[in-house]
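2 protein chains.
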Amino acid sequence: MAEIFIAVDAMGGDNAPKEIVKGAVGALEDKRLSILLVGREDVVKRELSSYKYDAGRVKIIGAAEIIGNDEQPTAAIRKKKDSSVVKGLNLLKEGQAQAFVSAGATGALLTGATLIVGRIKGVERPALGTLLPNAKGFSFLIDSGANVDAKPGYLLQYAKMGAIYVEYVLNIKKPRVGLLNIGAEREKGNTLTKEVYGLLETSDINFIGNIEARDMPLGAADVVVCDAFTGNVVLKYTEGFAKAMLGMIKKELMSSMLSKIGAVLAKGAFENLKKSFDYSEVGGAPFLGLKALVVKAHGSSDAKAIQSAVRLCTEFTEKGITRRISESIQKDNIKEETE
Amino acid sequence: MAEIFIAVDAMGGDNAPKEIVKGAVGALEDKRLSILLVGREDVVKRELSSYKYDAGRVKIIGAAEIIGNDEQPTAAIRKKKDSSVVKGLNLLKEGQAQAFVSAGATGALLTGATLIVGRIKGVERPALGTLLPNAKGFSFLIDSGANVDAKPGYLLQYAKMGAIYVEYVLNIKKPRVGLLNIGAEREKGNTLTKEVYGLLETSDINFIGNIEARDMPLGAADVVVCDAFTGNVVLKYTEGFAKAMLGMIKKELMSSMLSKIGAVLAKGAFENLKKSFDYSEVGGAPFLGLKALVVKAHGSSDAKAIQSAVRLCTEFTEKGITRRISESIQKDNIKEETE
Numbered sequence: 001m002a003e004i005f006i007a008v009d010a011m012g013g014d015n016a017p018k019e020i021v022k023g024a025v026g027a028l029e030d031k032r033l034s035i036l037l038v039g040r041e042d043v044v045k046r047e048l049s050s051y052k053y054d055a056g057r058v059k060i061i062g063a064a065e066i067i068g069n070d071e072q073p074t075a076a077i078r079k080k081k082d083s084s085v086v087k088g089l090n091l092l093k094e095g096q097a098q099a100f101v102s103a104g105a106t107g108a109l110l111t112g113a114t115l116i117v118g119r120i121k122g123v124e125r126p127a128l129g130t131l132l133p134n135a136k137g138f139s140f141l142i143d144s145g146a147n148v149d150a151k152p153g154y155l156l157q158y159a160k161m162g163a164i165y166v167e168y169v170l171n172i173k174k175p176r177v178g179l180l181n182i183g184a185e186r187e188k189g190n191t192l193t194k195e196v197y198g199l200l201e202t203s204d205i206n207f208i209g210n211i212e213a214r215d216m217p218l219g220a221a222d223v224v225v226c227d228a229f230t231g232n233v234v235l236k237y238t239e240g241f242a243k244a245m246l247g248m249i250k251k252e253l254m255s256s257m258l259s260k261i262g263a264v265l266a267k268g269a270f271e272n273l274k275k276s277f278d279y280s281e282v283g284g285a286p287f288l289g290l291k292a293l294v295v296k297a298h299g300s301s302d303a304k305a306i307q308s309a310v311r312l313c314t315e316f317t318e319k320g321i322t323r324r325i326s327e328s329i330q331k332d333n334i335k336e337e338t339e
Numbered sequence: 001m002a003e004i005f006i007a008v009d010a011m012g013g014d015n016a017p018k019e020i021v022k023g024a025v026g027a028l029e030d031k032r033l034s035i036l037l038v039g040r041e042d043v044v045k046r047e048l049s050s051y052k053y054d055a056g057r058v059k060i061i062g063a064a065e066i067i068g069n070d071e072q073p074t075a076a077i078r079k080k081k082d083s084s085v086v087k088g089l090n091l092l093k094e095g096q097a098q099a100f101v102s103a104g105a106t107g108a109l110l111t112g113a114t115l116i117v118g119r120i121k122g123v124e125r126p127a128l129g130t131l132l133p134n135a136k137g138f139s140f141l142i143d144s145g146a147n148v149d150a151k152p153g154y155l156l157q158y159a160k161m162g163a164i165y166v167e168y169v170l171n172i173k174k175p176r177v178g179l180l181n182i183g184a185e186r187e188k189g190n191t192l193t194k195e196v197y198g199l200l201e202t203s204d205i206n207f208i209g210n211i212e213a214r215d216m217p218l219g220a221a222d223v224v225v226c227d228a229f230t231g232n233v234v235l236k237y238t239e240g241f242a243k244a245m246l247g248m249i250k251k252e253l254m255s256s257m258l259s260k261i262g263a264v265l266a267k268g269a270f271e272n273l274k275k276s277f278d279y280s281e282v283g284g285a286p287f288l289g290l291k292a293l294v295v296k297a298h299g300s301s302d303a304k305a306i307q308s309a310v311r312l313c314t315e316f317t318e319k320g321i322t323r324r325i326s327e328s329i330q331k332d333n334i335k336e337e338t339e
């Protein structure tokens, strides 16, 4: 087996197990890694039988249960010890894998990750980061869904973790970190953002100040820091708005013969645009601040999305992101203690 | 002069005074109203000289000063007594006009409105409502920019005021009121939304539960209630995202000869789409909960936008929205007192 071990939840998501297993097998293209497929053994075996792959780099970890989207996260994690999520997270805890990808229930995954894998020492709250497409590329939005009632210190840590992720996994040198706010001036915002501004300003990250939401889609920052309520609203709104707008374009184009012909001729252009907003191009959302990497893949992930999530896990592991985050947070804590 | 008097800030906004005066003159088409143009007398007179209009229904209210976007709102309102904003708001206070439209600095307008015009008895915080385009029409987003640190009781009042506005000014019977949240289930959200859910549930409005941001652009609710930080982020994000997406479409279409031809043929369809996201079609944002109506027009308003903002003011006045809001809020207060 190779040196990097990525665990994949074969049972989570709308297209499980078929697309998940297909994506995991596809990810084996990268010779550096091995895959641990977590799920019902008979189901996973049957899916695997459709493909040719290097069997020496795939292992099935049996898990009889599945946690559904409608289950209360904490209760589900406590009760369903034999679920694919709990089993997968335990692989990280025991050091048998370096990362775990799941397209299953978000709440259970994040709760389980914090309970089972545990936080890096000094990290107040792990946060979910999501790559949002913009006119120039992507912005990494953190926290996009983990801690709805955030304290100022959390956001400072999100900024640090996000900057490390974007610098090393996405290869953007000295990423521009912006604070999502309702005005560009430093005195703008709510109680939370006003306090966070001060913290970011005196930190060692490349803080470029407040980012207004209208400048985000134009690519104003590489890392956009916010509380999870705001972040999740922006994330979901992007999804809905892109869908609504593409639907409106379609409707408009179908409204006259001339524009119908136009639409046919411009089809390639629209496909490219749709691709820009296609989450499968981007891979999953890393849950940063844990002792090992947990990635939440979109519920509707297809094989391509899973493969690209696994690719992010490999980069994350190779670049030693967990260690880098730990060092960055520790440095602050030492500074605080000596002050 | 006619029975309804609408004051218009001739000096506020990127296109003042030209477009503002043009829009105000255009609004005179509606014979029910008279316009009070507030601004520098010589400037307004010169602009007016370009048009033919019923001079008996236009009056200039001299105001020598202008409050800029970069001024601290409270200080500006206190110092610049002879500004178009302070003069315009005083017209409402003195009962000389029923509504005031300004495309000038938002902060000064809202602060001035609360200080000079004053709140309806029982209203905790006036809130800004904005009509956001969606796939089926519009959602009225309230609060979209007034009170960044909101308490649960504020949001209950936003819901009531928004429902009255949408029902009577936009003619939507029993408008569907949704709470903007990060999940559909009632237990989802942050401390604020969880409390607000309980308040809305037991109120007499047509509360349809939590609305996820992804369902907003698809037209899931007529009134979307949220705190001003979230609302302003959504509002500005919509602006930026629509712009970015249309830019991306353009770039894609220009990428090949075939799609260029397609783009020419489909031009009408794109113009229609752009129009859907054109704020001038929608008019301004009403600041609800005051003793008289104050409307914030978009900073980049053209004549058409100003005319449509004046139209909203006329409807608002004719339908007695201030009285209706007052009655709705009073009813609650009486209920509270007797309980």
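Same order as they appear, the protein sequences are chains A and B. Take the first sequence: its position 213, counting from 1, is numbered 213 in the working numbering, and each next residue is one higher. Take the second sequence: its position 132, counting from 1, is numbered 132 in the working numbering, and each next residue is one higher. All residues carry an ideal CB built from backbone N, CA and C; glycine is no exception.
Burial state of residue i (16 or more Cβ within 10 Å)
i	result
B:Met1	Low confidence applies to B:Met1: its pLDDT is 48, below 50, so where it sits in the model is not reliable enough to give any reading.
B:Val8	buried
B:Val234	buried
B:Thr238	buried
A:Ala27	buried
B:Val44	buried
B:Lys331	exposed
B:Met245	buried
A:Ala184	exposed
B:Asn69	exposed
B:Gly56	exposed
B:Met367	The structure shown does not extend to residue 367 of chain B, since chain B is modelled only from 1 through 339, so no value can be given for it.
B:Met11	buried
A:Leu132	buried
A:Asn333	exposed
A:Tyr14	Per the sequence presented here, residue 14 of chain A reads as Asp, with Tyr not at that position. Exposed is the call here.
B:Glu187	exposed
Anticipated Cβ contact below 8 angstroms, residue i with residue j, distance rounded
i	j	result
B:Glu124	B:Tyr154	5 angstroms
B:Ile35	B:Ala103	15 angstroms between Cβ atoms; not a contact.
B:Ala63	B:Leu89	That pair is no contact at about 11 angstroms.
A:Leu288	A:Ile325	7 angstroms
From the options, residue whose alpha carbon lies closest to that of residue i
i	options	result
B:Phe229	B:Val101, B:Glu315, B:Ala150 and B:Glu271	B:Ala150
B:Leu92	B:Gly68, B:Thr74, B:Val117 and B:Ser102	B:Val117
A:Ala309	A:Pro133, A:Asn210, A:Ala297 and A:Gly320	A:Ala297
A:Asn272	B:Glu252, B:Ala163, B:Lys267 and B:Val264	B:Glu252
A:Lys174	A:Lys160, A:Leu288 and A:Lys267	A:Lys160
B:Phe367	B:Glu327, B:Ser326, B:Phe316 and B:Arg323	Since the first residue shown for chain B is 1 and the last is 339, residue 367 of chain B is missing from the structure and cannot be characterised.
A:Ser144	A:Gln157, A:Ala127 and A:Gly137	A:Ala127
B:Ala285	B:Gln96, B:Thr106 and B:Val85	B:Thr106
A:Lys59	A:Asn333, A:Gly39, A:Ala76 and A:Arg119	A:Gly39
B:Thr130	B:Thr114, B:Gly88, B:Ser259 and B:Ala163	B:Ala163
B:Ala303	B:Leu141, B:Met254, B:Val101 and B:Val264	B:Val101
A:Asn171	A:Lys319, A:Gly12, A:Arg32 and A:Arg323	A:Lys319
A:Ala221	A:Ile205, A:Asn232 and A:Lys236	A:Ile205
B:Val264	A:Ala269, A:Ile77, A:Leu258 and A:Gly268	A:Leu258
A:Ile142	A:Asn190, A:Tyr158 and A:Gln96	A:Tyr158
A:Leu290	A:Gly189, A:Lys121 and A:Leu200	A:Lys121
B:Gly189	A:Ile208, A:Thr202 and A:Ala146	A:Ala146
B:Gly219	B:Val294, B:Lys31, B:Phe207 and B:Ala135	B:Ala135
8 angstroms Cβ cut-off: residues of chain A touching residue i
i	result
B:Thr114	In chain order: nothing, as chain A lies at least about 18 angstroms away.
B:Pro217	Tyr237, Gly240, Phe241, Lys243, Ala244 and Met245
B:Thr230	Phe229, Thr230 and Val233
Within chain A, partners of residue i - CB distance below 7 angstroms
i	result
B:Ala213	Val233, Lys236, Tyr237 and Gly240
B:Leu273	Met248, Ile249 and Glu252
B:Asn134	Ala244
Contacts of residue i in chain A (Cβ-Cβ under 9 angstroms)
i	result
B:Gly209	Result: empty, since nearest Cβ-Cβ is about 16 angstroms, beyond 9 angstroms.
Proximal residues of chain B, C-beta to C-beta of residue i below 7 angstroms
i	result
A:Ile261	Leu265
Partners in chain B for residue i, counting only beta-carbon separations shorter than 9 angstroms
i	result
A:Asp341	The structure shown has nothing for residue 341 of chain A, since chain A only spans 1 to 339.
Chain-ordered neighbours of residue i on chain B, where CB pairs are closer than 8 angstroms
i	result
A:Ser256	Gly268 and Ala269
A:Ala63	Within chain B, no residue comes near A:Ala63; the closest Cβ sits about 26 angstroms away, beyond 8 angstroms.
Residue-chain proximity (residue i, chain E), Cβ-Cβ < 7 angstroms
i	result
A:Ile182	Of the protein chains in this structure, namely A and B, none is chain E.
Quick one: which unbroken alpha helix (DSSP H) runs of 4-plus residues sit fully inside the region 66-122 of chain A? Chain order, please. 73-79, 84-93 and 106-112
In the region 126-208 of chain A, which residue ranges form an unbroken alpha helix (DSSP H) of at least 4 residues, counting only runs that do not cross its ends? Runs of the alpha helix (DSSP H) inside the region 126-208 of chain A: 152-168 and 191-201.
Runs of beta strand (DSSP E) wholly within the region 200-264 of chain B (minimum 3 residues, chain order): 207-212 and 223-225
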